[in-house]
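Colleague:
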């Protein structure tokens, strides 16, 4: 199993992100509980990676450790060869829910990380990302006046505005209805193709993973190890009823241990 | 035709006043003055210039006691709430002081500050300090982790983190705490003025009774206390309507 994860097709330069023997242990009521065990992963610049696995397996924990919000018990994460020691505005984590600041308007949220920029540049950056996530006309609205999908687009805009090289997305569309979710995937792909950031995307939705990712990392149940890494060799835009798509989806379902008949 | 919102309660109050007056007319005696004589009492106070003087005196004490308590308790409470170890050290002390009625401090207040404004202000301060301290501590605990993590992610300096994440995140809860505490301050000032000063609405009530059983003035004082308390509450509530403060109530 572990021989697949070392192989990154087409990689020439040093990896953008590299996790080596990464282990995370939670301390609950004095008992230590291993959550991640010996995670080895290389992500190249501009890649779109989806992390899938059974619920509660530690997908979010892995993302939080890579983003610097959790310190590993063993091993390390390095970005551009530099060990991650804490959160950093060069890589932004987008949360599943309630991630936008409710006391700021759409403009205020997008400009949150831009306070050091000169005013003109900040306003230009805000206007650009308002447009990128299609929130024109809502610049002065508060999040309470936005739908769930708009709030998530706003969170993505706030993240993109600080020009990060990596976006970590933690089930960003998990709380949305299924129609909005499909639309949001299209939007995210459009933004990714336009801006080419490295994206690590946690999802529990197999279809979402096959539709979005260059590679899908399958985690085992807790303590999570990398069970397999699947390369999704279909060009965008992806035809979701093509035989190859269905084949890859079924392969993923099998990996997670789900039957593909209900 | 639609009735304005205030019409229903206004009519109800008018009906109660009418019943009160009729009842007093049917049964004259020492039980209670009627609304007409209370209104006469209020006019009396106005004519003597006492009403404004006493209201200003009471509001002056409440403002000082309340503002001093807020200025001290909120930063301390936020700090203790953030550094849980500090809170663990402080909490037992707070829990012991909190259930002591501010009125129990009256002898101490007079001992330290004599009879006068300072004693009353001190009592209001004591009555407001502990509730505000606890409000501030729990407001920090209730900040969702996502806001804190998002704030950390964007690389804010500690002072920017406080002003741009911590402070706006606790504002809605602080406003609720401030509103409730201002009500407490208004309760305490009346009691404090009955004992430790010789002006203000609390003083008016004891003085009217002591100096000739003017129960019309006693009730007049109570009515004015109620009316001002209501206005203070409306004022604090209107702060909660400010859009960038109001998010907590609309987000649910």
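Chains as they are written, first to last, in my numbering: chain A, 2 to 263; chain B, 15 to 266. For glycine and all other residues, C-beta sits at the position ideal for the given N, C-alpha and C. None of the values given here were measured: they were computed from a predicted structure.
(1) Assign residue 20(B) to buried or exposed, taking buried as 16 or more other Cβ atoms, counted over all protein chains shown, within 10 Å of its Cβ.
(2) Counting only beta-carbon atoms, is residue 53(A) nearer than 8 angstroms to chain B?
(3) Would you kindly check if the distance between the Cβ of residue 199(A) and the Cβ of residue 166(A) is under 8 angstroms?
(4) Who are the Cβ neighbours of residue 35(B) in its own chain at under 7 angstroms, not counting the five residues just before and after it?
(5) Assign residue 102(A) to one of two classes, buried (16 or more other C-beta atoms within 10 Å of its C-beta) or exposed (fewer than that).
(6) Could you list the residues in the segment 72-105 of chain A with a C-beta less than 7 angstroms from some C-beta on chain B, going in chain order?
(7) Taking Cβ-Cβ distances below 7 angstroms as the criterion, which residues of the segment 139-163 of chain B are in contact with chain A?
(8) Does residue 174(A) get closer than 8 angstroms to chain B when you measure Cβ to Cβ?
(9) Check the Cβ-Cβ distances between residue 114(A) and every residue of chain B, and say whether any is below 8 angstroms.
(10) Which whole-angstrom value is the C-beta distance of residue 129(B) and residue 211(B), which I expect to be below 8 angstroms?
(11) I'd like to know if residue 17(B) contacts chain A, where contact means its C-beta is closer than 8 angstroms to some C-beta of that chain.
(12) Cα-Cα, which of 220(A), 246(A), 214(A), 201(A) is closest to residue 17(A)?
(13) Rounded to whole angstroms, what's the CA-CA distance from residue 12(A) to residue 178(B)? Just pull it up for me.
(14) For residue 182(A) and residue 158(B), I'd like the C-alpha separation in whole angstroms.
(15) So residue 56(A) packs on residue 205(A), CB below 8 angstroms; how close in whole Å?
(16) Leaving aside the five residues before and after residue 39(B) along the sequence, list all residues of the same chain whose C-beta is less than 8 angstroms from its C-beta, in chain order.
(17) Whose C-beta lies closer than 7 angstroms to the C-beta of residue 232(B) among residues of the same chain, with five residues either side of it excluded?
(18) At the level of alpha carbons, what is the spacing between residue 230(A) and residue 183(B)?
(19) Alpha carbon to alpha carbon, how far is residue 83(B) from residue 209(B)?
(20) Give the secondary structure of residue 127(B) by DSSP, where H, G and I count as helix, E and B as strand, and everything else as coil.
(21) So residue 35(A) is in the beta strand (DSSP E); what residue range does that whole segment cover?
(22) What does residue 24(A) pair with, by DSSP beta-bridge criteria?
(23) Which residues mark the beginning and the end of the alpha helix (DSSP H) in which residue 247(B) is found?
(24) Verify the CB distance criterion: does residue 264(B) have a CB-CB separation below 8 angstroms to chain A?
(25) Of all the residues that make up the segment 129-163 of chain A, which are near chain B by a beta-carbon distance shorter than 7 angstroms?
(26) Look up residue 5(A) in the DSSP assignment and say whether it is helix, strand or coil.
(27) Could you give the residue range of the alpha helix (DSSP H) that holds residue 56(B)?
(28) Of the choices 245(B), 237(B), 243(B), whose alpha-carbon is the least far from that of residue 27(B)?
(29) Is residue 49(A) helix, strand or coil when you go by DSSP?
(30) Looking at the structure shown, is residue 97(A) part of a helix, part of a strand, or coil, going by DSSP?
(31) Are the beta-carbon atoms belonging to residue 250(B) and residue 188(B) less than 8 angstroms from one another?
(32) Counting only Cβ-Cβ distances shorter than 8 angstroms, please list the residues of the segment 57-70 of chain A near chain B, keeping chain order.
(33) Reducing DSSP to helix, strand and coil, say where residue 170(A) ends up.
(34) For residue 116(B), go through chain A and note every residue whose CB falls closer than 8 angstroms to its CB, in chain order.
(35) Would the beta-carbon of residue 138(B) fall within 8 angstroms of that of residue 79(B)?
(36) On the three-state DSSP scale, how would you describe residue 202(A)?
Modeller: The relevant details are as follows:
(1) It counts as exposed.
(2) So, not an interface residue.
(3) Yes, Cβ-Cβ distance for residue 166(A) and residue 199(A) is below 8 angstroms.
(4) 48, 49, 50.
(5) It counts as buried.
(6) Per Cβ criterion, the list reads 88, 89, 90, 93, 94, 96, 99, 100, 102, 103, 104.
(7) Correct list: 158, 160, 161, 163.
(8) Not an interface residue.
(9) Yes, contact with chain B.
(10) Between residue 211(B) and residue 129(B) the Cβ distance is about 6 angstroms, and since that is below 8 angstroms, they are a contact.
(11) The C-beta of residue 17(B) comes no closer than 8 angstroms to any C-beta of chain A.
(12) The shortest C-alpha separation from residue 17(A) is found at 201(A).
(13) Any reading at residue 12(A) must be qualified, since the residue scores a pLDDT of 49, below 50, and its modelled position is unreliable; the value itself is stated next. Those two C-alpha atoms are separated by around 41 angstroms.
(14) Computed Cα separation, rounded: 24 angstroms.
(15) Yes, they are in contact, since the Cβ atoms of residue 56(A) and residue 205(A) sit about 6 angstroms apart, within 8 angstroms.
(16) Cβ within range, chain order: 48.
(17) 219, 222, 223.
(18) Rounded to whole angstroms, residue 230(A) to residue 183(B) spans 41 angstroms at the Cα level.
(19) One C-alpha to the other measures close to 21 angstroms.
(20) Reduced to three states, the DSSP call for residue 127(B) is helix.
(21) Note, residue 35(A): beta strand (DSSP E), 32-44.
(22) According to the DSSP secondary-structure assignment, residue 24(A) is paired through a beta bridge with 75(A).
(23) Boundaries of the alpha helix (DSSP H) around residue 247(B): 229-254.
(24) Confidence at residue 264(B) is low in this model, with a pLDDT of 48, below 50, so the placement of that residue should be treated as unreliable; the coordinate-derived value is given next. It does: the Cβ of residue 264(B) has a partner Cβ on chain A nearer than 8 angstroms.
(25) Flagged, chain order: 143, 145, 163.
(26) Model confidence at residue 5(A) stands at a pLDDT of 43, short of 50, so the residue's coordinates are unreliable and nothing is read from them.
(27) If you look at residue 56(B), you'll find it in the alpha helix (DSSP H) that goes 49-61.
(28) Ranking 245(B), 237(B), 243(B) by Cα distance to residue 27(B) puts 237(B) first.
(29) Correct three-state label for residue 49(A): strand.
(30) The three-state secondary structure of residue 97(A), taken from DSSP, is coil.
(31) Taking 8 angstroms as the Cβ cut-off, residue 250(B) and residue 188(B) do not qualify as a contacting pair.
(32) So the close ones are 68, 70.
(33) Secondary structure at residue 170(A): strand, using DSSP grouped into helix, strand and coil.
(34) Correct list: empty, because the minimum Cβ distance to chain A is about 33 angstroms.
(35) In this structure, residue 79(B) lies closer than 8 angstroms to residue 138(B) by Cβ.
(36) Strand, per DSSP.
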